[in-house]
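Numbering (the numbering used here), first residue to last: 5 to 670.
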């Protein structure tokens with residue numbers, strides 16, 4: 005196996021504090037290029053629409069500074085600052101552009117630390133030595149690096165820098181001096197010359213790096229996103245297969261458009277995920293380029309590494325020993341260095357297979373990455389930790405190896421609820437190698453990585469079972485089958501002690517005759533039809549209203565299946581009882597006493613009501629309640645003329661009133 009020959013080299017121990025101060029001021033500030041806006045006109049605009057759009061530009065005082073010919077991105081300026089966001093929003097909602105945004109100034113995604121490690125631990129982590137068994141790189145592979153600048157005389161870089169293609173994307177010159185050191189560091193991570201008895205080794209020992217400076221000036225290492233887009237377009241036009249951009253700005257449409265331009269020309273962009281150490285859930289997950297997060301020496305997310313759905317893969321980004329201006333070396337930390345490490349792996353893949361496409365590079369990187377964090381792809385580590393050896397092997401074998409064949413064997417494709425399916429992938433095969441991983445998705449949210457196992461579903465239904473197998477070449481194949489879990493619904497049975505009666509009516513309900521042939525009933529739910537409900541296999545309920553009520557029983561079994569049945573309950577009003585009216589009422593007056601007598605014609609009364617009325621007006625003056633079987637009563641009213649009647653009652657039932665008699669008390 006080739007190994008790089010190294011000799012002792014000086015480490016820049018005083019770098020950390022100075023650079024940390026510089027970059028903190030740039031990262032924390034949100035800078036916008038004054039009086040500038042970027043936009044891309046929608047394709048296929050009708051002439052009258054373009055005329056209207058030009059009128060809109062003119063009304064806002066916008067003047068085209070330049071248009072990036074490849075991507076069609078226009079950089080426009082105007083007279084007064086402070087309106088950059090407002091004008092971008094105006095253009096964005098005009099209906100004439102794909103996107104519009106201010107020209108933000110973005111700092112490199114750098115977090116320097118003390119240079120206290122004297123070895124490149126990251127190579128072992130991503131299996132660089134095993135990748136170098138296949139290739140250490142090739143000068144036929146062009147890689148664009150967009151950064152602060154480059155030390156073109158550094159002994160570990162000079163042999164891999166294409167200074168004849170050097171370009172300053174900010175001012176259009178070929179001035180690429182690195183006043184900061186960041187660009188020299190990212191270039192070294194990707195492509196420091198290896199096996200030269202000097203300093204460090206990049207993941208590519210041999211590569212042609214197009215050095216492109218994007219820094220605003222020697223005193224300001226930030227870059228406008230328009231300059232970044234210009235850098236990407238320039239690299240694409242030179243034939244770069246890989247481009248690295250270790251700056252922020254991963255969320256901007258301008259970068260996406262430039263990355264797509266590169267991709268359309270068989271190149272692939274790699275960007276750092278950012279060093280804010282927080283989630284950006286609202287960032288778009290552009291598919292035109294690869295977003296790279298950072299890990300530490302324990303394969304955990306580096307504390308500074310930002311995350312979100314836009315993170316595709318991760319790579320080491322803590323204490324990465326690399327090149328620094330003036331023939332020096334330093335340990336750097338940041339997603340700025342996980343990105344070029346990953347871009348460098350992609351360059352090795354191109355060296356191993358020059359015909360590889362951007363899509364195949366992504367497939368190789370993603371499918372061979374070591375899964376860390378949550379199982380499967382997640383928004384912290386993406387597809388996982390880059391594995392250089394596996395990715396390069398994947399690239400080298402494209403078109404030369406056969407993929408595996410996934411085969412699923414199951415004991416049954418339909419089973420009653422509660423029974424276990426036996427799934428087996430051991431009949432899967434790989435004609436030119438071996439299967440190294442099995443991944444099952446069982447259709448109910450359950451997964452497995454075993455080659456055979458048993459599984460019992462928690463509910464009846466139809467499930468799609470998918471098996472994905474991956475072989476030692478990183479190639480994979482999938483197969484699916486449908487399985488059904490059957491379940492016979494339970495049977496609901498109601499018995500009651502009464503289905504009709506007078507209000508209030510109490511009914512005892514019983515569901516104990518309900519049954520489930522292939523399981524057990526676990527729930528009984530009653531709806532009594534009058535707005536009341538209950539649970540349990542037996543219950544009672546009192547109806548307090550008159551009417552017909554449908555009582556419904558719903559039973560649920562242990563597989564979740566339900567059935568119901570009902571019974572009609574009729575509730576009548578109180579029973580009407582016919583009571584015979586008293587008769588032969590007589591009255592005699594002696595002084596103030598009125599003696600009354602009558603005949604009791606009823607056998608079942610609860611008593612009698614004796615009513616006294618004013619003889620002149622007919623007004624009821626008094627009702628006296630008397631016991632059952634009473635036939636005589638003495639009344640002592642004041643002087644006056646009265647009428648009397650008597651009436652029998654039982655409960656709420658009343659008889660007709662008796663004949664009326666008069667009495668004159670003087």
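Every residue gets a Cβ at the ideal spot worked out from N, C-alpha and C, and that includes glycine.
Per the DSSP calculation, residue i is bridged to which residue(s)?
i, result
"residue 156", "For residue 156, which the question treats as bridged, DSSP gives no partner whatsoever."
"residue 576", "506"
"residue 389", "318 and 374"
"residue 590", "601"
"residue 296", "276 and 317"
"residue 483", "471"
"residue 428", "413 and 456"
"residue 611", "631 and 653"
"residue 398", "Partner(s): none; residue 398 has no beta bridge."
"residue 513", "500 and 543"
"residue 658", "653"
"residue 626", "616"
"residue 570", "556"
"residue 78", "43 and 71"
"residue 172", "217"
For residue i versus residue j, is the C-beta spacing smaller than 8 Å?
i, j, result
"residue 276", "residue 292", "no"
"residue 495", "residue 528", "no"
"residue 317", "residue 386", "yes"
"residue 456", "residue 428", "yes"
"residue 339", "residue 294", "no"
"residue 225", "residue 184", "yes"
"residue 138", "residue 182", "no"
"residue 667", "residue 591", "yes"
"residue 354", "residue 101", "no"
"residue 507", "residue 548", "yes"
"residue 78", "residue 68", "yes"
"residue 164", "residue 195", "yes"
"residue 545", "residue 531", "no"
"residue 264", "residue 218", "no"
"residue 342", "residue 323", "no"
"residue 392", "residue 142", "no"
"residue 256", "residue 35", "no"
"residue 361", "residue 390", "no"
"residue 472", "residue 328", "no"
"residue 648", "residue 596", "no"
"residue 207", "residue 352", "yes"
What residue range does the beta strand (DSSP E) around residue i cover?
i, result
"residue 147", "141 to 151"
"residue 652", "644 to 654"
"residue 35", "35 to 45"
"residue 556", "551 to 561"
"residue 533", "Element bounds for residue 533: n/a, residue is neither H nor E."
"residue 668", "665 to 669"
"residue 304", "From DSSP, residue 304 is part of no beta strand (DSSP E); its letter is neither H nor E."
"residue 105", "101 to 110"
"residue 420", "418 to 420"
"residue 382", "Counting along the chain, residue 382 falls outside any beta strand (DSSP E), and DSSP gives it neither H nor E."
"residue 217", "210 to 217"
"residue 335", "332 to 336"
For the candidate residues the options, whose alpha-carbon lies nearest to that of residue i?
i, options, result
"residue 230", "223, 377 and 80", "80"
"residue 416", "368, 477, 281 and 485", "485"
"residue 515", "543, 314 and 168", "543"
"residue 40", "93, 48, 59 and 52", "93"
"residue 65", "621, 523, 84 and 521", "84"
"residue 561", "422, 630 and 663", "422"
"residue 198", "223, 242 and 326", "326"
"residue 285", "312, 303, 308 and 269", "312"
"residue 394", "477, 54, 403 and 59", "477"
"residue 159", "203, 133 and 128", "203"
"residue 273", "99, 344 and 634", "344"
From what residue to what residue does the alpha helix (DSSP H) around residue i run?
i, result
"residue 63", "51 to 63"
"residue 446", "Segment: none, residue 446 is in no alpha helix (DSSP H) and carries neither H nor E."
"residue 341", "339 to 356"
"residue 127", "125 to 129"
"residue 69", "Residue 69 -> not in any alpha helix (DSSP H); beta strand (DSSP E) instead, spanning 67 to 72."
"residue 192", "186 to 195"
"residue 180", "From DSSP, residue 180 is part of no alpha helix (DSSP H); its letter is neither H nor E."
"residue 132", "132 to 136"
"residue 638", "From DSSP, residue 638 is part of no alpha helix (DSSP H) but of the beta strand (DSSP E) over 636 to 639."
"residue 89", "88 to 96"
Between residue i and chain D, is there a C-beta pair that is closer than 8 Å?
i, result
"residue 434", "Here there is only one protein chain, and chain D is not present."
At 4 residues or longer, and completely inside the segment 225 to 285: list those alpha helix (DSSP H) runs for me, N to C.
The segment 225 to 285 is shown to contain whole alpha helix (DSSP H) runs of 4 or more residues at 229 to 241 and 257 to 268, in chain order.
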